[in-house]
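A.B. asks: To convert a position in the sequence shown, counted from 1, into this note's numbering, add 22. No residue lacks a Cβ here, since even glycine has one placed at the ideal position from N, Cα and C.
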Amino acid sequence: MKIKNSFGVIVLLLGVYLLFSLYQSSLPIIYGTRAKANIIGTDSVKNKRFTYLYYPVFQFNYQNQLIKFTDKSSSVDKDIEKSEVMVYYDQNYGFSQGFTTEKIIFLIISILLILFGIVCLVKPF
């Protein structure tokens, strides 16, 4: 009984932590301003495996200020085409490209962990 309750608490806390971190990463989407950003080039960084990673460099206007931002959350090809994408930006919370499938998958996992933790705590065996 004690092991089951401990397992339930650990799983519940893990789900709450995962849900909180998803909320923190979604703050630019919630409070930010949507803007059209141009990909103006790439920024290269040497990797540990003797290769280079290329990160896209975005440029957009935010409240009459020109902002350049390198998105290090995703790597792209070296010869990326210059294109426009929609981004979310807030001075306090930073930059985001919107909801991705990874965020949705981790949201489902965190909800399942929370429900499983509650079931472990409530249901007697």
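1. So Lys-18 and Tyr-74 are in contact, right, with Cβ under 8 Å, and what is the actual spacing, rounded?
2. Could you have a look at Gly-37 and say whether DSSP puts it in helix, strand or coil?
3. Apply the 10 Å Cβ neighbour rule to Thr-123 and answer buried if 16 or more other Cβ atoms are within range, or exposed otherwise.
4. Going along the chain, which residues of its own chain have a beta-carbon closer than 6 Å to the beta-carbon of Val-98, five neighbours each way excluded?
5. Taking Asp-112 as the reference, give the member of Val-31, Ile-51, Leu-44 with the closest Cα.
6. Of all the options Phe-91, Phe-72, Ile-131, Lys-70, which has the alpha carbon lying nearest to the alpha carbon of Phe-80?
7. Let me make sure I understand the geometry here. Which of Gly-30, Gln-119, Lys-24, Met-23 has the alpha-carbon closest to that of Ile-136?
8. Taking Thr-55 as the reference, give the member of Val-109, Leu-34, Val-33, Val-141 with the closest Cα.
9. Let's test the definition: count the other Cβ atoms within 10 Å of the Cβ of Gly-120 and tell me whether it reaches 16, buried, or not, exposed.
10. What is the rounded straight-line gap between the Cα of Asn-27 and the Cα of Cys-142?
11. Taking only runs that begin and end inside the segment 75-118, name each unbroken alpha helix (DSSP H) of 4 or more residues, in chain order.
12. Report buried or exposed for Asp-93, applying the criterion of at least 16 other Cβ atoms within 10 angstroms of its Cβ.
C.D. replies: Quick look at the numbers:
1. Because residue 18 is not part of the residues shown, which for the chain are 23 to 147, the question remains open.
2. helix
3. Exposed: under 16 other Cβ atoms inside 10 Å.
4. Tyr-76, Pro-78
5. It is Ile-51.
6. Phe-91
7. When each option's Cα is compared against that of Ile-136, the closest is Gly-30.
8. Of the candidates Val-109, Leu-34, Val-33, Val-141, the one whose C-alpha sits nearest the C-alpha of Thr-55 is Val-109.
9. Result: exposed.
10. 7 Å
11. none
12. With 16 or more other Cβ atoms within 10 Å, it is buried.
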